[in-house]
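Taken in sequence, the protein lines are chains C and U.
Position one of the first sequence corresponds to residue 1 (the working numbering), numbered consecutively onward.
Position one of the second sequence corresponds to residue 1001 (the working numbering), numbered consecutively onward.
Even glycine gets a Cβ: it sits at the ideal position worked out from N, Cα and C.
2 protein chains.
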Amino acid sequence: MNITLRQLRYFRALAQELHFGRAADKCAISQPALSVQIRELEDTLNLELFERQPRALRLTLRGEEFAERANVILREMDELEDWATSTRGTTLGRLRLGIIPTIAPYLLPNLISQLTQAHPQIDLHVRETVTPRLIDELMDGQLDAAIVALPLDEPALVETPVFTEEMVLVRPKTEAGAPPVALDELARMRLLLLEEGHCFRDQAMSFCNINPNRPRGGLDGSSLGTLVQMVGAGIGVTLIPDMAIDVETRSAPVCVNRFAGAAPTRSIGVVWRATNPMGPALQDLVPLLQQAAGYED
Amino acid sequence: MNITLRQLRYFRALAQELHFGRAADKCAISQPALSVQIRELEDTLNLELFERQPRALRLTLRGEEFAERANVILREMDELEDWATSTRGTTLGRLRLGIIPTIAPYLLPNLISQLTQAHPQIDLHVRETVTPRLIDELMDGQLDAAIVALPLDEPALVETPVFTEEMVLVRPKTEAGAPPVALDELARMRLLLLEEGHCFRDQAMSFCNINPNRPRGGLDGSSLGTLVQMVGAGIGVTLIPDMAIDVETRSAPVCVNRFAGAAPTRSIGVVWRATNPMGPALQDLVPLLQQAAGYED
DNA sequence: CGCTACCATAATTAAATCCTATGAATATCA
DNA sequence: TGATATTCATAGGATTTAATTATGGTAGCG
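Quick look at the structure:
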């Protein structure tokens, strides 16, 4: 046989009341039900917890020791339920967030401060790497969510757009004042791009109708900052997202041009496993992300 | 609804295996039974403990926190059962022992040393007072057992004889060498007795056919030691039990005579509430008492 | 000596839990 | 791509557990 919580609760009532009738009332059951459960508890333990006298009911020495242990367990059960009540809802306890390198430097400073302000208790872990890797780690359960360029087309992930950012052309400062170029003119310029693996590289290529397979002669950089420095050195031109302008063009002899006509854009969003119960809490995070990106309305 | 231990056990298994089928095997139940219990647990908590993916089952952050609490509780339940197993039997944990004053000084020194030797862990409390008070305190549950003169004729108490002790006559040393007296001669001697309340007084009176109601002129003492000193001072004679001879006659000018013919005796035994579950353990104590009294065979 | 208080036992009913069978979704492999 | 396997969820009937009401027994009390 087996000790049950029910038996512990009944025992506690009886140990307090020292009277079967009153203890049964306290438990909202009939007196025989209590008698049976107490006796079964004693049988299970093979131990007498109460000394039954015609007029007086008493705890035995072992009954008292048992009561202490039982009360500890029952209290912990209560605390377990309290914990469940207090922890449910959309509170974020731990957030393991992935983010692509072409957004991280511009978004993270604001994001982290907003996030810790809105959720003071949050345990935030940030992982910066390229999209395929983020996807893997999401799927593995190593990450809870990731900020990436949409769409991903992963059926197991839900995508929520956060903002759309415009691409701008970065040219050497010597060309300042030159007229805005159209998108299709880019193919004829020496366009500097990020290394393979970065989604931003692929996006830029597709904007400009560049053949992804054609070899390019040393025109790849490992970060947007590097690319801008290369532009400043007169090696070519590059594209950067709107958001990167302030940070990246401050320390290089370059100028920025918006495109003539419809500007190329990319959609940035947050993704997580569709099965992740944090979903609602992550959804609540979207306005905060927009605010951090300066795109809140 | 309510969290059950069963649910915690099933949860623990699933948290370890992260696979419904294997966890169910571990619990020796079918997989649907496990599914249902886990779901009901989550419903009760209103909290998702597991993230179910087609291929992979994972604990949520809250699931991990829950697991820690659940494991604590389950471990304490196990310990509770272990405790019950280890503590049952006839081990004496605490013994609250009453004893009458006409035995205490002669028996206790031996008894305590024997008892603590046989039960090193024992928590021994001794209460020395007269029989009616011991009975009250036994009935109240303030004492576990008492060493008294039998019989008591209390239906709620069980009596177990331990030894029978002989009464001896104490006379002034000046009468040393006098011939043994017979019991019925005592009525004509100035017999010193204990104060009222002591059973030994009543026993002595009944031996000598003294009318208990007849007033006695200042011939009462508060202890056997006092009585013997009074005898030494030539005030009268007294009776003491066998066991007291060594201790009490050492420091007084008295001599001891056994009676001619059948000596008066009293039966000393241990009593406890019939309902006291310690009964078997107390029964086991009898040989030890006999040994302490020097009556073991 | 009957009455009352109190706990135990018995028989029946209600509830909880389990098992088998089956369904649905996804991954795996030909 | 379609068939198969894996895995978890759901449903219905059976079983076990625990409750209720009714009843019995024993000790104190007037």
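Name, please, each residue of chain C whose Cβ falls closer than 7 Å to the Cβ of N1071 (chain U). What N1071 (chain U) touches in chain C: nothing, since even the nearest Cβ is about 11 Å away.
Could you give the uninterrupted runs of the alpha helix (DSSP H) lying entirely in the segment 1104-1191 of chain U, keeping only those of 4 residues or more? 1104-1118, 1131-1140
Neighbourhood of P1180 (chain U) by C-beta distance below 7 Å, restricted to the same chain and skipping five residues each side: N1257, R1258, F1259, A1260
Are V162 (chain C) and G232 (chain C) close, meaning C-beta to C-beta below 9 Å? no
Just to check my reading of the structure: L18 (chain C) and L57 (chain C) have Cβ atoms closer than 8 Å, yes? What is that Cβ distance to the nearest angstrom? 5 Å
N- and C-terminal bounds of the beta strand (DSSP E) containing E1051 (chain U): 1050-1052
Starting from I1003 (chain U), find everything on chain C with Cβ-Cβ shorter than 7 Å and list it in chain order. M77, L80, E81
Would a check of beta-carbon distances place E159 (chain C) closer than 9 Å to chain U? no
Proximity below 9 Å, CB of L1092 (chain U) to CB of I1099 (chain U): no
Three-state secondary structure assigned by DSSP to N257 (chain C): strand
So, is V130 (chain C) buried or exposed, given that buried needs 16 or more other C-beta atoms within 10 angstroms? buried
Alpha-carbon spacing of A263 (chain C) relative to M167 (chain C), whole angstroms: 7 Å
Under 9 Å by beta carbon: chain C residues contacting A1084 (chain U): I3, T44, L45, N46, L47, R62, F66
R133 (chain C) CB to nearest chain U CB: under 9 Å? no
If we count the other Cβ atoms within 10 Å of its Cβ and call it buried at 16 or more, is R1188 (chain U) buried or exposed? exposed
Per the contact definition of three or more C-beta pairs closer than 8 Å, is the segment 1272-1291 of chain U in contact with the segment 42-53 of chain C? yes
DSSP puts V237 (chain C) in a beta bridge; with which residues? C:L191
With 9 Å as the limit, tell me which residues of the segment 105-118 of chain C have their beta carbon closer than that to any beta carbon of chain U; keep them in chain order. none
Can you check which of these residues, U:D1144, U:M1139, U:A1182, U:L1193, is closest to P1155 (chain U) by C-alpha distance? U:M1139
May I ask you to list, following chain order, the residues of the segment 1266-1277 of chain U that have a beta carbon less than 8 Å from some beta carbon of chain C? R1273, T1275, N1276, P1277
Provide the residue span of the alpha helix (DSSP H) that contains I1038 (chain U), from first to last. 1031-1045
If you measure between the beta carbons of L1150 (chain U) and L1097 (chain U), is that distance less than 9 Å? no
What residue from C:A293, C:P32, C:R75, C:T4 has the CA that sits closest to E165 (chain C)'s CA? C:A293
Where does G1177 (chain U) land, buried or exposed, given buried means 16+ other C-beta within 10 angstroms? exposed
Give the secondary structure of Y12 (chain C) by DSSP, where H, G and I count as helix, E and B as strand, and everything else as coil. In the sequence as presented, Tyr is not what sits at residue 12 (chain C); that position holds Arg. Here R12 (chain C) sits in helix by DSSP.
Which listed residue (U:L1074, U:R1127, U:D1242, U:G1063) has its alpha carbon closest to that of Y1295 (chain U): U:D1242
So the beta strand (DSSP E) T265 (chain C) belongs to, where does it begin and stop? 265-273
Under 7 Å (Cβ pairs) to chain C, residues found in the segment 1003-1020 of chain U: I1003, T1004, L1005
Touching or not, the segment 1065-1079 of chain U and the segment 113-125 of chain C, by the rule of three or more beta carbon pairs under 8 Å? no
Is there a C-beta anywhere in chain U that falls below 9 Å from the one on E51 (chain C)? yes
Are any of the Cβ atoms in chain U nearer than 9 Å to that of R298 (chain C)? Residue 298 (chain C) lies beyond the range of chain C shown here (1 to 297); nothing can be said about it.
Run of the beta strand (DSSP E) containing V57 (chain C), from where it starts to where it stops: Residue identity check: residue 57 (chain C) is Leu in the sequence provided, not Val. 57-59 is the span of the beta strand (DSSP E), which, as asked, contains L57 (chain C).
Could you check if Q16 (chain C) is buried or exposed, using at least 16 other CB atoms within 10 Å of its CB as the buried criterion? exposed
Which whole-angstrom value is the C-beta distance of H198 (chain C) and T102 (chain C), which I expect to be below 8 Å? 6 Å
Taking C-alpha atoms, which residue in U:D1025, U:A1033, U:L1041, U:R1022 lies nearest to L1005 (chain U)? U:L1041
Sorted by chain position, which residues of the same chain lie with C-beta nearer than 7 Å to D1153 (chain U)'s C-beta, five sequence neighbours on each side aside? none
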